[in-house]
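Asker:
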Ligand SMILES: [Zn+2]
Ligand SMILES: [Zn+2]
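Here is the structure:
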């Protein structure tokens, strides 16, 4: 009856689909999903015609500069993913979390990880108050369910700092420095953690979280995002 009244429709364009919350085929194919080849550590997509042989690491990871122990992203940040991200993040289109989190699980399919904790990148309380939700938590919830582990929403606290807009890696790193504090080290120590965020820009946020979580005794720390900015390397 409910389905008759409200048939399942694509969250982006409204086309009828078989499963509520899922994208229609047209919308699905408009995203730049990250497949292979890619960096086996950070997931950076390589050009399809590039043969890296046995060296499946991007230059940054090969130089030991990956910001986490492993990172995967579902798609490239471009006009299509941006058009979905902005209303999801700023205009309450929270139902997008269904297809986004599914795509993120897909992005994790080729790696064997067993996280103890799923942690959405914390939002400062002031931002949470204004927005009403943490978009990363919406993405993390179905992922935690799929892994059968708990969401951790209170082990790390983030202080408010105004956004500096589009900045380079060094400036973003500076802006995020010191914003995270582990408030429950007992829940972090010895744990393998999967961090969840909507977008990876420079990786500065992940890098800062990595620093404080490792200092609190975390074991491996992985990250998954819906999209990532891909710069030429
Ligand atoms: Zn659609
Ligand atoms: Zn890499």
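Numbering (the working numbering), first residue to last: 2 to 234. Beta carbons are placed, not taken as given, at the ideal position from N, Cα and C, and that holds for glycine. The model shown is predicted, which means the values in this text are computed figures rather than measured ones.
Going by DSSP, what residue range makes up the beta strand (DSSP E) through residue 226?
Answerer: Here the beta strand (DSSP E) through residue 226 covers 222–229.
Asker: Which runs of the beta strand (DSSP E) at least 3 residues long sit entirely within the region 120–199? Give them in chain order.
Answerer: You should have 157–159 and 181–183.
Asker: Exposed or buried, what is residue 166 when buried is set at 16 or more other beta-carbons lying within 10 Å of its beta-carbon?
Answerer: Per the 10 Å Cβ criterion, exposed.
Asker: Shorter than 7 Å, the distance from the beta carbon of residue 50 to the closest heavy atom of ligand 1, or not?
Answerer: Not under cutoff, so the answer is no.
Asker: Can we count residue 298 as close to ligand 1, meaning its CB is less than 7 Å from some heavy atom?
Answerer: Residue 298 falls outside the range modelled here, since the chain spans only 2 to 234, and no answer is possible.
Asker: Our contact map puts residue 76 next to residue 207 with C-beta atoms below 8 Å; I'd like the distance itself, whole angstroms only.
Answerer: Not really, about 17 Å apart at Cβ, beyond 8 Å.
Asker: With distances taken from each beta carbon to the nearest heavy atom of ligand 4, which residues come in below 5 Å, in chain order?
Answerer: Of the ligands one can find in the structure shown, namely ligand 1 and ligand 2, none is ligand 4.
Asker: Should residue 138 and residue 157 be called a contact, given that it needs their Cβ atoms to be closer than 8 Å?
Answerer: The answer is no: Cβ separation not under 8 Å.
Asker: Going by the DSSP bridge assignment, what does residue 201 pair with across the sheet?
Answerer: Note: residue 201 sits in a beta bridge opposite 229.
Asker: Could you tell me if the beta carbon of residue 228 falls within a distance shorter than 7 Å of some heavy atom in ligand 1?
Answerer: Outside the cutoff, so no.
Asker: Comparing alpha-carbon positions, which option in 219, 218, 220 and 200 lies nearest residue 102?
Answerer: Here the closest residue by C-alpha is 200.
Asker: Return the CA-CA distance between residue 151 and residue 196, expressed in angstroms with no decimal places.
Answerer: Cα-Cα distance, rounded: 12 Å.
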